[in-house]
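**Q**
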Amino acid sequence: MSSLSDLLVQFDAIHGVSGDEERVAECLKGHLQPIADDYFEDALGNQVFVKKGSNPDFKIMLAAHMDEIGYIVHNIDSDGFIYFLPVGYHDSRTAFNQVLTIHTEKGPITGITGGKPAHIVTPEEAKMAIPLNELYIDVGTNSKEETHALGVQIGDYITFERTGQFLNGSEIFTGKAVDNRAACAVLVEVMRRLADKDITATVYGVGTTQEEMGIRGSEPISGQIQPDIGLALDVCLSGGTPALSEKEIPVTLGGGPAIMFYDWTPDTGHGNNVPKKLTRKLVEVAEKNSIPYQRQAVLNGGTDAWSMSIRGKGAMAGCISFPSRYIHSATGCVHMDDLEHAVQLVVAFIEDLQEKL
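Using our numbering, read the sequence shown as starting at 7 and increasing by one per residue.
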């Protein structure tokens, strides 16, 4: 049986941007379908694995989104260069000088992002991030026909080409898709540890789709399951680096999973004021079991907890997060201790609940 670190390495290596989560779903199925009491998939590709409890009317939903941010082919010019659009929220500063993989029907194609050489960049341009619409992908061809011959078409998805690794023998893993494959690994481990336990609630472990595009996939599946309690499993912003002050982000790598009390994106309305009943219980369980944890409240956040809280009859929903440095980049970092303690917290929380909050 794969360890939690092995699971993270395996999931991070899979390519699957929003709308193209099939490969991640197959991996999740391979681990969880054999131990689940029930399994189903909906029209959007959400993967649902059920662990039956003694009370089928008491439902807990765990949501780990399967998608990663990436790009999509927008156009191919006469010289064979490829233009692209963002899939999910990107920092355009990270797009230049990247090796990318274009996922065609013929198979993966390697490309590099190109722009002006530094020698001819003006002083004004040097102060700015290159807008995505000015970047292009070079796949080594000289014409549109040659690029098409490789299999590249408008609508093909694009991901970062990077192999994840543990930094210098540490417990810090850096990869292209720790947001949110870290949660896929945690979900697998939680469901494994619950498999042989007698619990009261029926647990729905869900690999959700299209979270990075506005928390889409979890909306219909939340309405179908109609959980009483929902817990999103996701990364969160981590401080503890020279780029961030403790005042900005007090949560740090290795300090334990973060219990989210509040996250909200004013521009969209996504987010949660997590009910006190739920955060109080999570804190109580963590302290009773000596599980390290941190507390977090942020602006410009939002997870699958949002859709779980408002769909169907509504649910008491919150988020167990794993601090991540360099979020929404090809070099995101998480700490294995935080993932392990997140597994312990979720399992202990479910075991502790004998009735609805």
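The beta-carbon is built from N, C-alpha and C at its ideal position, and this holds for glycine as well.
1) Closer than 7 angstroms by C-beta to Gly170: which residues in its own chain qualify, once you throw out the five before and the five after it? Chain order, please.
2) With 16 other CB atoms within 10 Å as the buried threshold, where does Val91 fall?
3) Work out the CA separation of Leu193 and Pro248 for me, nearest whole Å.
4) Would you mind listing the beta strand (DSSP E) stretches within the segment 64-104 that are 3+ residues and don't spill past its ends, in chain order?
5) Can you tell which of Asp73, Leu237, Val127, Lys282 has its C-alpha closest to the C-alpha of Ile164?
6) If you reduce the DSSP assignment to three classes, tell me which class Ala321 lands in.
7) Between Ala354 and Tyr210, what straight-line distance do the alpha-carbon atoms span, to the nearest angstrom?
8) Would you call the CB atoms of Val291 and Leu351 closer than 8 angstroms?
9) Which residues share a DSSP beta bridge with Glu47?
10) Would you say Ile88 and Val158 are within 8 angstroms of each other, going by their C-beta atoms?
11) Can you give the Cα-Cα distance for Ser244 and Pro256, rounded to whole angstroms?
12) Per DSSP, which one or two residues make a beta bridge with Lys327?
13) From Gly86 to Thr153, what does the alpha carbon distance come to, in whole angstroms?
14) Using 10 angstroms around the beta-carbon of Tyr95, count the other beta-carbons present and answer buried if the total reaches 16, otherwise exposed.
15) Excluding five sequence neighbours on each side, which residues of the same chain lie with their C-beta closer than 6 angstroms to the C-beta of Thr214?
16) Between the Cα of Ser98 and those of Lys35, Thr119, Glu111, spot the shortest distance and give me the residue it belongs to.
17) Taking the beta carbon of Ser24 as the centre, do at least 16 other beta carbons fall within 10 Å, making it buried, or is it exposed?
18) Would a C-beta distance cut-off of 8 angstroms place Ser335 and Thr116 closer than the cut-off?
19) Could you tell me the boundaries of the alpha helix (DSSP H) in which Arg29 lies?
20) Can you check the segment 178-254 for any beta strand (DSSP E) of at least 3 residues that lies completely inside it and give the ranges in chain order?
21) Alpha carbon to alpha carbon, how far is Ala264 from Ser60?
22) For Ala31, tell me which candidate among Phe55, Gln302, Pro114, Gly320 has the shortest Cα-Cα distance.
23) Report back the beta-carbon spacing between Asp240 and Ala191 to the nearest angstrom; my notes put them in contact at under 8 angstroms.
24) In whole angstroms, what separates the C-alpha of Met134 from that of Asn306?
25) Quick one: measure Cβ to Cβ for Ile82 and Pro233, integer angstroms, because I've assumed they're closer than 8 angstroms.
26) Could you give the residue range of the beta strand (DSSP E) that holds Arg301?
27) Based on Cα-Cα distance, which residue from Pro298, Gln300, Arg301, Val93 lies nearest to Gly220?
28) Compute the distance between the beta-carbons of Ser330 and Asp144, then report whether it is under 8 angstroms.
29) Quick check: what's the CA-CA separation for Thr200 versus Ile75?
30) Distance, Cα to Cα, Ile297 vs His80?
31) What is the residue span of the beta strand (DSSP E) that His341 lies within?
32) How far does the beta strand (DSSP E) with Asp144 in it reach, from first residue to last?
33) Could you tell me if His347 is buried or exposed, where buried requires 16 or more neighbouring beta carbons within 10 angstroms of its beta carbon?
34) Look at Asn295 and Gly324 and say whether their C-beta atoms are less than 8 angstroms apart.
35) Hey, Arg317 and Gly261 are a contact pair by Cβ (cut 8 angstroms); roughly how many whole angstroms apart?
36) The beta strand (DSSP E) with Pro129 in it runs from where to where?
**A** Per the coordinate set shown:
1) The residue you call residue 170 lines up with position 164 of the sequence shown. Counting only Cβ-Cβ distances below 7 angstroms, and skipping sequence neighbours, we find Val15, Asp18, Ala19, Phe179, Thr180, Gly181, Lys182.
2) Position 85 of the sequence shown, counting from 1, holds the residue named residue 91. Correcting the residue type first, residue 91 is Leu in the shown sequence and not Val. So Leu91 ends up on the exposed side.
3) For the purposes of this step, residue 248 is taken as the residue at position 242 of the sequence shown. For the purposes of this step, residue 193 is taken as the residue at position 187 of the sequence shown. Across the structure, Pro248 and Leu193 are spaced so that their CA atoms are roughly 32 angstroms apart.
4) Secondary structure in the segment 64-104: the beta strand (DSSP E) runs of 3 residues or longer, each lying completely within the stretch, are 76-82, 88-93 in chain order.
5) Along the sequence shown, one-based indexing puts residue 164 at 158. With respect to the C-alpha of Ile164, the residue from Asp73, Leu237, Val127, Lys282 having the closest C-alpha is Asp73.
6) As a working mapping, residue 321 is identified with position 315 in the sequence shown. DSSP places Ala321 in coil when its eight states are reduced to three.
7) To locate residue 354, count along the sequence shown from 1; it is residue 348. To locate residue 210, count along the sequence shown from 1; it is residue 204. Rounded to the nearest angstrom, the gap between the Cα atoms of Ala354 and Tyr210 is 16 angstroms.
8) Position 285 of the sequence shown holds residue 291. Position 345 of the sequence shown holds residue 351. Cβ atoms of Val291 and Leu351: closer than 8 angstroms.
9) As a working note, residue 47 is residue 41 in the sequence shown. Looking at the DSSP assignment, Glu47 forms a beta bridge with Gln53.
10) Here the question's residue 88 lines up with position 82 in the sequence shown. Here the question's residue 158 lines up with position 152 in the sequence shown. Closer than 8 angstroms, so yes.
11) Reading the sequence shown from its first residue, position 238 is the one you call residue 244. Reading the sequence shown from its first residue, position 250 is the one you call residue 256. Approximately 7 angstroms between the Cα atoms of the pair.
12) For the purposes of this step, residue 327 is taken as residue 321 along the sequence shown, with counting starting at 1. Looking at the sequence shown, residue 327 is not Lys but Ser. Partner(s): Asp240, Ala264.
13) Here residue 86 corresponds to residue number 80 of the sequence shown, with the count starting at 1. Here residue 153 corresponds to residue number 147 of the sequence shown, with the count starting at 1. One C-alpha to the other measures close to 5 angstroms.
14) Mapped onto the sequence shown, residue 95 falls at position 89. Counting C-beta atoms within 10 angstroms of its own C-beta, Tyr95 has fewer than 16 neighbours from the protein chains shown and is therefore classed as exposed.
15) What you label residue 214 is simply residue 208 of the sequence shown in a count that begins at 1. Around Thr214: Asn52, Ala69, His71, Gly223, Ser224, Asp310.
16) Numbered from 1 along the sequence shown, position 92 holds the residue referred to as residue 98. When each option's Cα is compared against that of Ser98, the closest is Thr119.
17) As a working note, residue 24 is residue 18 in the sequence shown. Buried, since its Cβ has 16 or more Cβ neighbours within 10 Å.
18) Counting from one through the sequence shown, the residue named residue 335 turns up at place 329. Counting from one through the sequence shown, the residue named residue 116 turns up at place 110. Taking 8 angstroms as the Cβ cut-off, Ser335 and Thr116 do not qualify as a contacting pair.
19) As a first step, residue 29 must be located in the sequence shown, where it is residue number 23. Its alpha helix (DSSP H) spans residues 28-38.
20) Contiguous beta strand (DSSP E) elements confined to the segment 178-254 occur at 178-181, 207-214, 235-243, taking only those with 3 or more residues.
21) As a position in the sequence shown, residue 264 is number 258, starting the count at 1. As a position in the sequence shown, residue 60 is number 54, starting the count at 1. If I take the Cα positions, the gap works out to 29 angstroms.
22) Taking the first residue of the sequence shown as 1, we reach residue 31 at position 25. When only C-alpha atoms are compared, the closest one is Phe55.
23) As a position in the sequence shown, residue 240 is number 234, starting the count at 1. As a position in the sequence shown, residue 191 is number 185, starting the count at 1. Asp240 to Ala191, Cβ: 12 angstroms. No contact.
24) Indexing the sequence shown from 1 puts residue 134 at position 128. Indexing the sequence shown from 1 puts residue 306 at position 300. Met134 and Asn306: Cα-Cα distance of roughly 23 angstroms.
25) Position 76 of the sequence shown holds residue 82. Position 227 of the sequence shown holds residue 233. Ile82 to Pro233, Cβ: 44 angstroms. No contact.
26) Your numbering for residue 301 matches position 295 in the sequence shown. Membership of Arg301 in the beta strand (DSSP E) is indicated by the continuous run 300-305.
27) To locate residue 220, count along the sequence shown from 1; it is residue 214. Across the set Pro298, Gln300, Arg301, Val93, the C-alpha of Val93 shows the shortest separation from the C-alpha of Gly220.
28) Stepping through the sequence shown from its first residue, residue 330 is reached at position 324. Stepping through the sequence shown from its first residue, residue 144 is reached at position 138. In this structure, Ser330 lies away from Asp144, with their beta-carbon atoms at least 8 angstroms apart.
29) In the sequence shown, counting from the first residue as 1, residue 200 sits at position 194. In the sequence shown, counting from the first residue as 1, residue 75 sits at position 69. Looking at the sequence provided, one finds Leu at residue 200 rather than Thr. Looking at the two C-alpha atoms, the distance is approximately 30 angstroms.
30) Position 291 of the sequence shown, counted from the start, is the residue given in the question as residue 297. Position 74 of the sequence shown, counted from the start, is the residue given in the question as residue 80. If you take the alpha carbons of Ile297 and His80, they lie about 47 angstroms apart.
31) In the sequence shown, residue 341 corresponds to position 335, counting from 1. It spans 338-341 - the beta strand (DSSP E) in which His341 sits, taken as one unbroken run.
32) Counting from one through the sequence shown, the residue named residue 144 turns up at place 138. Element bounds for Asp144: 142-144.
33) Within the sequence shown, residue 347 is the residue found at index 341, counting from 1. Burial of His347 is indicated by the presence of at least 16 other C-beta atoms within 10 angstroms of its C-beta.
34) Translated into the one-based positions of the sequence shown, residue 295 becomes position 289. Translated into the one-based positions of the sequence shown, residue 324 becomes position 318. Taking 8 angstroms as the Cβ cut-off, Asn295 and Gly324 do not qualify as a contacting pair.
35) Counting from 1 along the sequence shown, the entry for residue 317 is found at position 311. Counting from 1 along the sequence shown, the entry for residue 261 is found at position 255. Going by Cβ atoms, the distance from Arg317 to Gly261 rounds to 32 angstroms, so no, they are not a contact pair.
36) Against the sequence shown, residue 129 aligns to sequence position 123. Careful: Pro129 lies outside any beta strand (DSSP E), inside the alpha helix (DSSP H) at 129-132.
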